[in-house]
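Scroll down for the structure; my scribbles are underneath it.
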Amino acid sequence: MTRAVGERLDTPTLVGLYERMLLIRRFEERASEYRLAGHIPGFLHPCIGQEASAVGACAALGPDDVILSTHRGHGHMLARGADPGRMYAELYARVEGYNRSKGGSLHMIDTELGFLGANGIVGGGIPIAGGAALQQKRRGRGGVAVSFFGDGAVNQGAFHEVLNLCALWSLPAVFVCENNLYGEFTPQADQSPIPDVADRAAAYAMPGTIADGNDVLDVYEKVAEAVARARAGDGPSLVECKTYRHRGHYEGDMCSYRPEGELEQWLETDPTITFPARLAQELGVDETELGEVRARVERRLDEAAAFAAAGTVAGVEQTLEHVYADSIDSKALR
Amino acid sequence: MTRAVGERLDTPTLVGLYERMLLIRRFEERASEYRLAGHIPGFLHPCIGQEASAVGACAALGPDDVILSTHRGHGHMLARGADPGRMYAELYARVEGYNRSKGGSLHMIDTELGFLGANGIVGGGIPIAGGAALQQKRRGRGGVAVSFFGDGAVNQGAFHEVLNLCALWSLPAVFVCENNLYGEFTPQADQSPIPDVADRAAAYAMPGTIADGNDVLDVYEKVAEAVARARAGDGPSLVECKTYRHRGHYEGDMCSYRPEGELEQWLETDPTITFPARLAQELGVDETELGEVRARVERRLDEAAAFAAAGTVAGVEQTLEHVYADSIDSKALR
Amino acid sequence: MSTIRFGQAITQALDEEMSRDPEVILLGEDIGRPGGSFGITRGLLEKHGEDRVLDTPISEEAVVGAALGASMMGARPVVEIMFNDFIVLAMDQVVNQAAKIHYMTGGRLSAPLVIRMLCGTNGSTAAQHSQSLEAWFAHVPGLKVVAPSTPRDAKAFLKAAIRDPDPVMFFEQRMLYNTKGEVDGDSEPAPLGEGLVVREGGDLTIATYMRGVHQALEAAAILEEDGISVEVWDVRSLVPFDRDGLRASLERTGRLLTLHEAVARGGFGAEIAAIAASEMFDLLKAPIGRVGALATPHPYAPQLEAAMLPSVERIVDVARATVRGGAGVV
Amino acid sequence: MSTIRFGQAITQALDEEMSRDPEVILLGEDIGRPGGSFGITRGLLEKHGEDRVLDTPISEEAVVGAALGASMMGARPVVEIMFNDFIVLAMDQVVNQAAKIHYMTGGRLSAPLVIRMLCGTNGSTAAQHSQSLEAWFAHVPGLKVVAPSTPRDAKAFLKAAIRDPDPVMFFEQRMLYNTKGEVDGDSEPAPLGEGLVVREGGDLTIATYMRGVHQALEAAAILEEDGISVEVWDVRSLVPFDRDGLRASLERTGRLLTLHEAVARGGFGAEIAAIAASEMFDLLKAPIGRVGALATPHPYAPQLEAAMLPSVERIVDVARATVRGGAGVV
Ligand SMILES: Cc1ncc(C[n+]2csc(CCOP(=O)(O)OP(=O)(O)O)c2C)c(N)n1
Ligand SMILES: Cc1ncc(C[n+]2csc(CCOP(=O)(O)OP(=O)(O)O)c2C)c(N)n1
Ligand SMILES: [Mg+2]
Ligand SMILES: [Mg+2]
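Protein chains in written order, with our numbering: chain A, 3 to 336; chain B, 3 to 336; chain C, 324 to 653; chain D, 324 to 653.
This is the structure we're talking about:
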């Protein structure tokens, strides 16, 4: 926290990190509105408050790296550079969406960016990430696989099996736990006897570090270290980002389970506020420039929403497409 | 190892431990013969070499405690005091067997002794043990639940989930890992990046200790400590017993995967040889008494085998019994 | 007698059984103070205590195992699995352990536990939160499988399931949670294994369960205008299955249509059809109609999902074809 | 052309595909130097290298997940699951992930992996090492399900499965491993989805797969002496299922008996029966006979297990009843 923001990255990059965090924030806030307006069916799990961990982690990645995400995946996807238009289009259930309207929020992908999927199953993406890391190693081009998951997911058997396997085989995997203190409505302390998920890394002889999940640069640095280790062939790491979701578990959750004052306290480290403040203070990025960022984000999202709204609704004949990758459909589709 | 054997338990008890280890050893050796003679169908996984961990652990238990075991469960069951006659009867597939010939080696139980089952699924008994510990706690009589499993099982998701749950709820569970260096034909080192299973306990904020699994007293003391802790309401522990199986994974396995000399080295700490030697040396138990033990064991097993051989073969009408505990059979059995 | 929602009927059954028997305990994710993802256990922790309403980590296998182990020692656990799509994470404990324990031990141990599972879509809940997996469990000897369609049955069968000595897989279809019906105040359990004629008819039996019953009634009303008289037979309990009830209905109608939200291929409707075609063949005057979801994962887009799911229109079409002599269409 | 064992056919398919395509990799417990619990992968590590024959920890879910993730990025993994009873531990990766990935992503990702599973009893292997769970997977859209009965098919279909762009559940029945048959040296893959008339007949079609084919042939020989002419139709591929092949056979015989080692209730035989009773009703002259295991877990005692499993005698009895007009007996 005390290290100057400019020590590691240049100003345009830092402003870019801010822009990306803001894009996520506003993407989610708008999605909530669009949902209330009836444009988005199904579940929405906003990551508002957790933008720094998504953006910090993805800033440490290169083009060959791949990502597996969770039910709370919009931030990871946008942090990776995905097109908010195609994302909204997917949420709006339009053919132009990333998944041709077949996946929705919980299953979104961007194959070009190596974003191999959100996931509806808590912990479900972790084994896939292990396999992606295996293939990265086989390819031998230095690519890594990043697995995002929450504090609730670390009590799933899959977490354990995969960390063991990846450590055993020295696979280039980076496990990023976004510890937002809750799994649904239940505090982390009621789900695990240890507060620091990072402490579980020792069970697999891998490094476990804790990042301030609301500090995009701290996350960036800790994840970059893990990525470097993975690229060097030294195996996987676990990075725990301590953070908080401002909104409910899903849109509609009123958060009655929260102790009073908890949210307010976390709002003080809201990365979309504290980070630009540091940019202004430490690097002299002025209000004009920050205002431009904000305007650019809104413009992009205006366009994105318009793109989605103008999208095509799939014809029902598409229901039976894509069950199988080959064309045995007439035979197998019954 | 250096502590005198007589320091903690009296001589008759110590001789009893020897007798139980020998009973297990000879039970298994004979089972192998009976199998070759065609009396026993199905799988047999002998625990020869691992008797000390079974007997040491069970010596630490009281009548209210319950046990969940593995595919390699004969030793645990005999250590708990089960009747070798009903065990052979089960292996011989006779109605007098513990499971009325429906379970065989992999599923054997003794409800009176709180032996809630061997298990054919690696790691499959661990969650059940967690539930048994929950019920022990609810009963409030100080009973504990002991879960035996191998070094291979600790890489199953179930291990992780259950240790987390039991630690979280401070359940009276004792997790005993018999680390015999192999899962089937694959060395432990090829299955996990850490050699000491006990080191995984920290991930659940529970104590993890290592016992010399071939020293019945060391196992006894470490498990007794864990049991005391559980009874006191202080939650679960993990005890790792370092040991070795002398025979193959199952009867028939030729062990071609073993490095030369490995078995020979372990034979030097064979508990059925080293322990009576210590009894003789340190406590003056003489050859006559040890000879009586050996004779008693053979007599018991003669009787047990005769009991099994004289047992009844179930009539085929029993095939449809016991699918359900109530008598809806005619309806549900199709 | 009062009119309550399906979800409330579940709550009442849990509450009353917990009051009756101190060994009844609940386990599940978020079921404690939050009252569960769908509010079913709301108030139960406050009333029955923390040691009987156990809010668990997200560890489905450990949770079902905990229920199983406790049940083997005398508890009567009821597990809530938020969506049946997540039961896949506990299949070893359900299928290899709980289902088989009584048999493997020659009847010496048993596993009186209940696994309550939400199933079916709630509209665009997509591929991993919408499945209907009941058929799998009907294929596993040792399990009982219950699928109620009304608040009354939900309450009476859940009570029966809790008192049942065997593991019971209890399905609660999401789309039924807000439907209403009459329920007795302190109702008795109803024996598992009996189907129910919900509407009498002479031309066609629709054998169905859960939401299918309501869709079948809608279809029946439409078909009546065509002069087709439909009997709606609520299967209610997949295991044990009420063969006599099915036979009695087919004796009246001579024609069968099976219906469920689950994928038709390999669904329980196939078992019903096979029973009819094997054991009641002589009663059949026409091809068996089969209606279920198309063999695709659940799409997110509403119009695609609507095309995938069984609809009243599809039921009516297949029913017409069946009665008028066309081939059965899935 | 040479005569080899079923198990060897599997080995050959793996070996030849590994030689053909460097992206074919194997994962499984003890499959490396030990060559697997049943010796199927013996020699493959030495020939193709440690980085292509991956001996894994006992972590079924992570292993299937590893295969899935690698497959999504271009590998062609083949997982060995020692007994299909253990696939329950990886059901999330199979059912919620692999089966649905292509659909959920609108066709943008796919999961070309193969899961090889031993199934069925080997004699007194009891409740957790004997099951036949193929029906579950046929109920899951997105999976293909293959169940060969001969070394020739095992080899040709495994090759096809490895080259297939979708996840394939490949069943290998334990009791077939030592059966022998002729196989081409460097044989081509055979397209999935085609049944096969193994024996022609005019009175009754036995639709079956894996060991059932061999039992059906035995039964057919006995029935021939009775003057009953049996056609044995090997299903071979449960998904895709060869409806045309079934229809063609029923056109010849007009009677159907379904047979498999899996429990009859909810087994794939029910699906076959339902297809026939729905889509080919007019061809049916008699009740459909159903033979499968009784609805119990597998008992350990040999005589009980023999009573539980389908036997040639039971097939003959049901076949006689079917042809002579009695009711179909399970
Ligand atoms: C296997 C499984 N169990 C339960 C759920 C329901 N569920 C969805 S999100 C969630 C909480 C996850 O908590 P965490 O991993 O901390 O992620 P967060 O929501 O806090 O980002 C639960 C229980 C699920 N989707 N999958
Ligand atoms: C879920 C599952 N996977 C695989 C197996 C096959 N299997 C039986 S025993 C065994 C090795 C177990 O190793 P470990 O836990 O160390 O116990 P040990 O045999 O050494 O006593 C394996 C892989 C199984 N029974 N269950
Ligand atoms: Mg969380
Ligand atoms: Mg071992």
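Think of the CB as a built atom: it goes at the ideal place given N, C-alpha and C, for glycine as much as any other residue. Note that the coordinates shown come from a computational prediction; the quantities given were computed from them, not determined experimentally.
Where does I275/B land, buried or exposed, given buried means 16+ other C-beta within 10 angstroms? With fewer than 16 other Cβ atoms within 10 Å, it is exposed.
According to DSSP, simplified to helix, strand and coil, what is W556/C? W556/C falls in the strand class under three-state DSSP.
Answer with yes or no whether the minimum CB distance from E554/D to chain C is below 8 Å. It does not: the Cβ of E554/D has no partner Cβ on chain C nearer than 8 Å.
8 Å Cβ cutoff, Y259/B in contact with chain D: Closer than 8 Å: yes.
At 8 Å on the CB atoms, spell out the chain D contacts of I123/A, in chain order. What I123/A touches in chain D: D415, N419, Q420.
Heavy atom of ligand 3 less than 7 Å from the Cβ of D153/A, yes or no? Because some heavy atom of ligand 3 lies under 7 Å away, the Cβ of D153/A counts as near it: yes.
Quick check: what's the CA-CA separation for H162/A versus A204/A? Looking at the two C-alpha atoms, the distance is approximately 12 Å.
By DSSP, does N181/B sit in helix, in strand, or in coil? Here N181/B sits in strand by DSSP.
Step through the CB atoms of chain D and report whether any lies within less than 8 Å of the CB of M3/B. Low confidence applies here, because M3/B scores a pLDDT of 46, under 50, leaving its location unreliable; read the following figure in that light. Against chain D, the CB of M3/B has no partner CB under 8 Å away; the residue lies outside that interface.
Selection from V57/A, L11/A, P86/A that minimises the alpha carbon distance to E305/A: For E305/A, the closest C-alpha among the options V57/A, L11/A, P86/A is that of P86/A.
Compare the C-beta of E21/B against all C-beta atoms of chain D and say whether one is closer than 8 Å. E21/B does not count as touching chain D.
Between which two residues does the alpha helix (DSSP H) carrying E35/A extend? Where E35/A is concerned, the enclosing alpha helix (DSSP H) stretches over 13-38.
Applying a beta-carbon distance threshold of less than 7 Å, which residues of chain A neighbour P464/D? Around P464/D, the beta-carbon contacts reaching into chain A at under 7 Å are V325.
Taking DSSP as the reference, what is the three-state secondary structure of P278/B? The answer is helix: DSSP assigns P278/B an H, G or I state.
So, is the C-beta of Y623/C closer than 8 Å to a C-beta in chain A? At a cut-off of 8 Å between C-beta atoms, Y623/C counts as an interface residue with respect to chain A.
Does F591/D come within less than 8 Å of chain C when only Cβ atoms are used? Yes, F591/D lies at the interface with chain C (some Cβ there is under 8 Å from its Cβ).
Where do the N-terminal and C-terminal ends of the beta strand (DSSP E) with F493/C fall, by residue? Run containing F493/C: 491-496, per the beta strand (DSSP E) assignment.
Using C-beta distances below 6 Å, list every residue in its chain close to V315/B, excluding the 5 sequence neighbours before and after it, in chain order. If we look at V315/B and ignore the five residues flanking it on each side, it has no Cβ neighbours.
Please confirm if D201/A has its CB atom under 8 Å from at least one CB of chain B. Interface residue, yes.
Considering only the beta carbon of each residue, do L607/C and A597/C sit closer than 8 Å? Judged by beta-carbon spacing, A597/C lies beyond the 8 Å limit of L607/C, meaning their Cβ atoms are not closer than that value.
Rounded Cβ spacing between S71/A and F150/A (contact assumed at less than 8 Å): About 5 Å separates the two Cβ atoms, so the contact holds.
Please report how far the alpha carbon of H47/A lies from the alpha carbon of I111/A, in whole angstroms. Distance between H47/A and I111/A, taken at the CA atoms: about 16 Å.
Would you check whether ligand 3 has a heavy atom nearer than 7 Å to the C-beta of Y184/A? Yes, the beta carbon of Y184/A sits closer than 7 Å to at least one heavy atom of ligand 3.
Stretch-stretch touch, CB-based, cutoff 8 Å, three pairs: the region 207-221 of chain B with the region 135-149 of chain B: These segments do not touch.
Of the choices S107/B, T211/B, K224/B, whose alpha-carbon is the least far from that of S34/B? Here the closest residue by C-alpha is S107/B.
Jot down the residue ranges of each uninterrupted alpha helix (DSSP H) in the region 512-591 of chain D, minimum 4 residues, whole runs only, in chain order. If we require 4 residues or more, the alpha helix (DSSP H) runs fully inside the region 512-591 of chain D come out as 534-548, 566-576.
Against chain A, does H371/D count as a neighbour if the rule is that its beta carbon must be under 8 Å from one of theirs? No - not a single Cβ of chain A is within 8 Å of the one on H371/D.
For a test of the three-state rule: what should DSSP assign to K478/C, helix, strand or coil? Note: K478/C maps to helix in three-state DSSP.
CA-CA distance, I69/A and A59/A? Computed Cα separation, rounded: 10 Å.
I believe R431/C touches E346/C by the beta-carbon criterion, under 8 Å. Please report the beta-carbon distance rounded to the nearest angstrom. Not a contact, Cβ separation roughly 19 Å.
Straight-line Cα distance separating A54/B from E284/B: If you take the alpha carbons of E284/B and A54/B, they lie about 18 Å apart.
For chain C, is any of its Cβ atoms less than 8 Å away from the one on T364/D? Taking Cβ atoms only, chain C never reaches closer than 8 Å to T364/D, which makes this a no.
Short check: CB of G392/C to CB of I130/B, under 8 Å? Between G392/C and I130/B, the C-beta gap is smaller than 8 Å, which places the two residues in contact.
In chain order, each alpha helix (DSSP H) run of at least 4 residues that lies wholly inside the region 605-646 of chain D: For the region 605-646 of chain D, whole alpha helix (DSSP H) runs of length 4 or above, ordered along the chain, are 625-631, 635-646.
As assigned by DSSP and simplified to three states, the class of A175/B: Here A175/B sits in strand by DSSP.
What is the DSSP secondary structure of E373/D, reduced to helix, strand or coil? Of the three classes helix, strand and coil, the one that applies to E373/D here is coil, per DSSP.
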